[in-house]
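Peer 1: Here the sequence shown stands for residues 211 to 608, where the numbers follow our numbering.
Virtual Cβ for every residue (Gly too), placed ideally from N, Cα, C.
Just so we're clear, the structure is a prediction, and the values are computed from it rather than from any experiment.
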Amino acid sequence: MSVLYIHIPFCRTRCAYCDFYSTTREAELPRYADALCCEIEERRCELPHTRITSIYIGGGTPSLLSPTLLNRILDTIYAHYDIDADAEVTVEVNPDDIVRLSTSPDDNGLAALLRPRGKAGGAINRISLGIQSFDDGLLRLIRRRHDAATAIRAVQALQAMGIDNISIDLIYGLPSQTIEQWEHDLDIAFSLNIQHLSAYALSYEPGTALTRWREEGRITEVSDELSVAMFRRLCQRASKADFEHYEISNFCRPGYHSRHNSSYWTAIPYLGFGPAAHSYDGQRTRRANTPSLDAYLSAWLDAKSSPAPYTTETLTDDELYDEAVMCGLRTAAGIDLSAFSRRFGQRHLDTLLREAAPHIVAHRLLLLPENAKPHTHLRIAEPSWMVADDIMSDLMTS
Ligand code: SF4
């Protein structure tokens, strides 16, 4: 079992908080789709005899692709990989692109991609919308291209097209954001009949406009206390709306967890295509494609399908152990203790439980099921997820 990630590193404009690799050179999109199809085809031997359970087209802004190009990329994937009939196929979409795509005369627009296309290719069955906020002032501040009304219309348009698996992204802790503004975001989010919500605390990444403005004193960062209060409010509201809190930043209606993201947390092999995309063989090797559109295009197109530059990294035992601890503790299920022992040995499991003991006493960590022995899982109690990094660093080797 494996998953595929396809990176579309193009954005019409750059958002103020974002440090992802992307470019605004949209005119290169058709050539980029050609190069991407070459990479997808050439690297099929890296996953022989493996069933693909999820395809995720992310970015950047995949919704800048025309339906024809998007269709071509999907057809190439379906022609060269063994895709599960029930595969989750997600595309990230910006709200302001929905109207354009849903009315495009090109190939009947987005609606054509949402219909099953027989053996040759599956339909997109999940949309992830980058909304971030329903407050127009905050959206302008962080330089998103849409406003709140457009975001709401985008969700409704997708629902009218029959999409019944919609995820939205929100950010909390934006500069000067109040708890009331965050409540307003949650009011709207939970009124939209969506199936999945990803909510992230704002982080100030080096090199972004937001970080520069903070250094220049032009914006005010919210306090840690307010950020924690926002997270708590988020957990309460999600629970009231019958959303499961299945990972620190992810909530869903029952049965709608993101299969793609869950694969990353459980060390399933994946292939990532496109500049800056990462791959993992499920064992010790990670690969990172170089974050350069020009190098990527020239290798796959001009140098006749020679692989674009990439680096590889071989993970040590300690790194694998740390990753298993970190990924397990990010989820509501926690670390599966028998699987952990099988993978790393009883001695390492004993070490983990010894390091965890003070946190278990303080109820920041829970051994589950609570009243049964032997315990099967170790997980962070939901109220302590805001300090998960501190707990994890106590349990990790580095
Ligand atoms: S947040 Fe998304 S749309 Fe904005 S610059 Fe980053 S990748 Fe592009």
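Would DSSP call residue 237 helix, strand or coil?
Peer 2: helix
Peer 1: Enumerate, from N- to C-terminal direction, the unbroken beta strand (DSSP E) stretches of 3 or more residues contained entirely within the region 246-272.
Peer 2: Annotation note: the region 246-272 contains the following uninterrupted beta strand (DSSP E) runs of length 3 or greater, listed N- to C-terminal: 261-269.
Peer 1: Compute the minimum distance between the beta carbon of residue 271 and the heavy atoms of the ligand ZN, and state whether it is under 7 Å.
Peer 2: Of the ligands this structure carries, namely the ligand SF4, none is the ligand ZN.
Peer 1: Would you say the beta carbon of residue 232 is closer than 7 Å to some non-hydrogen atom of the ligand SF4?
Peer 2: True, at least one ligand heavy atom lies under 7 Å from that Cβ.
Peer 1: In the DSSP assignment, what residue or residues form a beta bridge with residue 292?
Peer 2: 261
Peer 1: In the DSSP output, what is residue 483 paired with across the bridge?
Peer 2: 216
Peer 1: To which residues of the same chain is residue 510 closer than 7 Å at the C-beta, ignoring the five residues directly before and after it?
Peer 2: These residues qualify, in order along the chain: 245, 248, 249, 518.
Peer 1: What's the call for residue 462, buried or exposed, on a 16-neighbour Cβ count within 10 Å?
Peer 2: Residue 462 should be labelled buried.
Peer 1: For residue 558, name the three-state secondary structure that DSSP assigns.
Peer 2: helix
Peer 1: Roughly how many angstroms lie between the CA atoms of residue 539 and residue 441, to the nearest whole one?
Peer 2: 17 Å
Peer 1: Does the Cβ-Cβ distance between residue 349 and residue 227 come in under 8 Å?
Peer 2: no
Peer 1: Counting Cβ pairs closer than 8 Å, one from the region 520-527 and one from the region 542-553, do we hit at least three?
Peer 2: no
Peer 1: Kindly indicate which three-state DSSP category residue 445 falls into: helix, strand or coil?
Peer 2: helix
Peer 1: What's the gap between the Cα of residue 299 and the Cα of residue 423?
Peer 2: 37 Å
Peer 1: With burial defined as no fewer than 16 other Cβ atoms inside 10 Å of the residue's Cβ, what is the status of residue 342: buried or exposed?
Peer 2: buried
Peer 1: Using the rule of at least 16 other Cβ atoms within 10 Å of the residue's Cβ for burial, across every protein chain shown, is residue 608 buried or exposed?
Peer 2: exposed
Peer 1: Does the distance between the C-beta of residue 340 and the nearest non-hydrogen atom of the ligand SF4 fall short of 7 Å?
Peer 2: yes
Peer 1: Hey, could you find the ends of the beta strand (DSSP E) residue 454 is sitting in?
Peer 2: 454-457
Peer 1: Hey, out of 396, 487, 492, whose CA is closest to residue 212's CA?
Peer 2: 492
Peer 1: Assuming residue 217 and residue 484 make a contact with CB atoms under 8 Å, what is their CB distance in whole Å?
Peer 2: 3 Å
Peer 1: Are the region 390-410 and the region 357-373 in contact at 8 Å, needing three or more beta carbon pairs?
Peer 2: Output reads yes: the region 357-373 touches the region 390-410.
Peer 1: Are residue 264 and residue 408 touching if we call contact CB-CB under 8 Å?
Peer 2: no
Peer 1: With DSSP run on the structure shown, which of helix, strand or coil describes residue 607?
Peer 2: coil
Peer 1: Write down every uninterrupted run of the beta strand (DSSP E) in the region 511-542 whose length is 3 residues or greater and which is fully enclosed by it, in chain order.
Peer 2: With a minimum length of 3 residues, the continuous beta strand (DSSP E) runs that stay inside the region 511-542 are 520-524.
Peer 1: For the ligand SF4, I want to know if residue 224 counts as a neighbour, meaning its beta carbon is within less than 7 Å of at least one of the ligand's heavy atoms.
Peer 2: yes
Peer 1: How many whole angstroms separate the CB atoms of residue 592 and residue 445, which I take to be in contact at a CB cut-off of 8 Å?
Peer 2: 6 Å
Peer 1: Within 8 Å, do at least three Cβ pairs link the region 421-440 to the region 378-392?
Peer 2: yes
Peer 1: Identify the continuous alpha helix (DSSP H) that holds residue 359 and give its terminal residues.
Peer 2: 358-370
Peer 1: Going by DSSP in three states, residue 303 sits in which element: helix, strand or coil?
Peer 2: Residue 303 falls in the strand class under three-state DSSP.
Peer 1: How many angstroms separate the CA atom of residue 388 from the CA atom of residue 528?
Peer 2: 41 Å
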